[in-house]
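One structure below.
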Amino acid sequence: MTSHCPKLSRYRHNYARWRARQIAYGKWEPWAPAAPVREHVQALRREGASFRAIGRAAGVSPTTVHRLLHGEPARCRAVPDRMHAAEARRLLAVTQAAAERAAARRDAAGTRRRLRALTAVGHPAVSLAARLGVAPRTVRDLAAGQAGSVSPAMHRAVAALYDEIWDQPPDEHTGAQRRAAAAARARAARNGWPTPMGLDDDQIDAPGYRPRANWRPTGACATYPPVRHAAGHRRSQGRQAGTRGHAHEGRGR
39 MTSHCPKLSR YRHNYARWRA RQIAYGKWEP WAPAAPVREH VQALRREGAS FRAIGRAAGV
99 SPTTVHRLLH GEPARCRAVP DRMHAAEARR LLAVTQAAAE RAAARRDAAG TRRRLRALTA
159 VGHPAVSLAA RLGVAPRTVR DLAAGQAGSV SPAMHRAVAA LYDEIWDQPP DEHTGAQRRA
219 AAAARARAAR NGWPTPMGLD DDQIDAPGYR PRANWRPTGA CATYPPVRHA AGHRRSQGRQ
279 AGTRGHAHEG RGR
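The sequence shown begins at 39 in the numbering used here and counts up by one.
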């Protein structure tokens with residue numbers, strides 16, 4: 039049995055009345071004709087804009103853009119005659135310049151996974167930010183998943199840093215450094231972020247990639263130096279690994 043919520047019921051009642059008035063006055067327009075939007079998107083495509091770039095610039099899924107132009111042949115669905123009015127407005131507002139700017143950015147998935155993995159090893163956001171030449175808040179926000187895309191320069195910088203220090207422990211010579219490293223590992227543990235050993239280099243930049251195993255901390259950090267194999271899996275060599283950071287990617291925070 040669901041509990042009765044007076045505030046929710048009142049909100050739904052008021053919304054229904056407002057929508058009825060909008061419909062009566064001819065102001066309720068949840069749908070828009072798809073043909074003008076399709077012509078606009080086709081013009082962008084002829085100029086070289088990709089489905090992903092158009093979708094990113096408009097804030098809609100690339101699948102929405104593809105469906106607008108081609109329908110859904112697998113489901114025997116033709117191109118739509120109408121679409122959501124909000125999506126139509128956003129797509130019609132996309133210019134060629136906006137699509138080009140969107141195309142110049144990279145999906146943030148790979149950058150996010152690399153920063154999370156380094157955090158799981160124990161590298162604090164402050165030290166990562168210093169190496170990257172950005173503000174610590176930028177690193178924290180990227181790791182938290184608050185950005186859907188990054189600039190090519192940021193993607194290259196994080197990838198280069200990851201390749202450089204993925205198998206190196208953080209500095210823990212002072213009490214402050216040890217506390218910062220412990221806080222970084224604790225954040226990763228709370229969110230289930232994998233260490234580099236739990237990631238496949240061949241798929242680390244793929245938006246849909248999900249590591250399979252669970253993250254199980256068995257020590258302060260991974261044993262070094264492990265060997266990074268061609269397939270992207272990392273295994274410890276010489277001594278037992280303290281942490282085999284396998285994990286699902288987890289949520290932002």
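Idealized CB from N, CA, C, for every residue including glycine.
Beta carbon of residue i nearer than 8 Å to that of residue j
{"i": "residue 69", "j": "residue 155", "result": "no"}
{"i": "residue 106", "j": "residue 132", "result": "no"}
{"i": "residue 134", "j": "residue 96", "result": "no"}
{"i": "residue 128", "j": "residue 98", "result": "yes"}
{"i": "residue 78", "j": "residue 89", "result": "no"}
{"i": "residue 174", "j": "residue 167", "result": "yes"}
{"i": "residue 248", "j": "residue 197", "result": "no"}
From the options, residue whose alpha carbon lies closest to that of residue i
{"i": "residue 242", "options": "147, 181, 201 and 190", "result": "147"}
{"i": "residue 85", "options": "93, 47 and 137", "result": "137"}
{"i": "residue 124", "options": "71, 227, 236 and 240", "result": "71"}
{"i": "residue 150", "options": "122, 174, 209 and 193", "result": "193"}
{"i": "residue 82", "options": "207, 186 and 130", "result": "130"}
Cα-Cα separation between residue i and residue j, rounded to whole angstroms
{"i": "residue 195", "j": "residue 73", "result": "42 Å"}
{"i": "residue 216", "j": "residue 170", "result": "21 Å"}
{"i": "residue 102", "j": "residue 212", "result": "53 Å"}
{"i": "residue 139", "j": "residue 92", "result": "10 Å"}
{"i": "residue 126", "j": "residue 246", "result": "27 Å"}
{"i": "residue 273", "j": "residue 176", "result": "Caution is warranted here: a pLDDT of 38 is assigned to residue 273, below 50, making its placement in the model unreliable, and the coordinate value is therefore given only provisionally. Cα to Cα, the separation comes out at about 30 Å."}
{"i": "residue 199", "j": "residue 120", "result": "47 Å"}
{"i": "residue 165", "j": "residue 220", "result": "13 Å"}
{"i": "residue 295", "j": "residue 191", "result": "Here the chain covers residues 39 to 291 and nothing more, so residue 295 does not appear."}
{"i": "residue 188", "j": "residue 233", "result": "22 Å"}
{"i": "residue 184", "j": "residue 178", "result": "9 Å"}
{"i": "residue 263", "j": "residue 236", "result": "Low per-residue confidence applies at residue 263: pLDDT is 37, beneath 50, and the placement is therefore not dependable, though the value from the model is reported in the following sentence. If you take the alpha carbons of residue 263 and residue 236, they lie about 15 Å apart."}
{"i": "residue 180", "j": "residue 52", "result": "39 Å"}
{"i": "residue 117", "j": "residue 100", "result": "15 Å"}
{"i": "residue 50", "j": "residue 240", "result": "49 Å"}
{"i": "residue 244", "j": "residue 80", "result": "27 Å"}
{"i": "residue 54", "j": "residue 122", "result": "19 Å"}
{"i": "residue 238", "j": "residue 47", "result": "49 Å"}
{"i": "residue 186", "j": "residue 224", "result": "24 Å"}
{"i": "residue 214", "j": "residue 207", "result": "15 Å"}
{"i": "residue 226", "j": "residue 209", "result": "17 Å"}
Endpoints, the alpha helix (DSSP H) within which residue i is located
{"i": "residue 192", "result": "190-203"}
{"i": "residue 74", "result": "73-84"}
{"i": "residue 120", "result": "Run containing residue 120: none in the alpha helix (DSSP H); it sits in the beta strand (DSSP E), 120-122."}
{"i": "residue 174", "result": "174-182"}
{"i": "residue 217", "result": "213-229"}
{"i": "residue 155", "result": "147-159"}
Three or more C-beta pairs under 8 Å: does that hold for the region 111-128 against the region 153-172? Taking 8 Å as the limit for Cβ pairs, the verdict is that the region 153-172 does not touch the region 111-128.
At a cut of 8 Å, does the region 128-144 reach the region 202-211 through at least three beta carbon pairs? The region 128-144 makes no contact with the region 202-211, as fewer than three CB pairs between them are under 8 Å.
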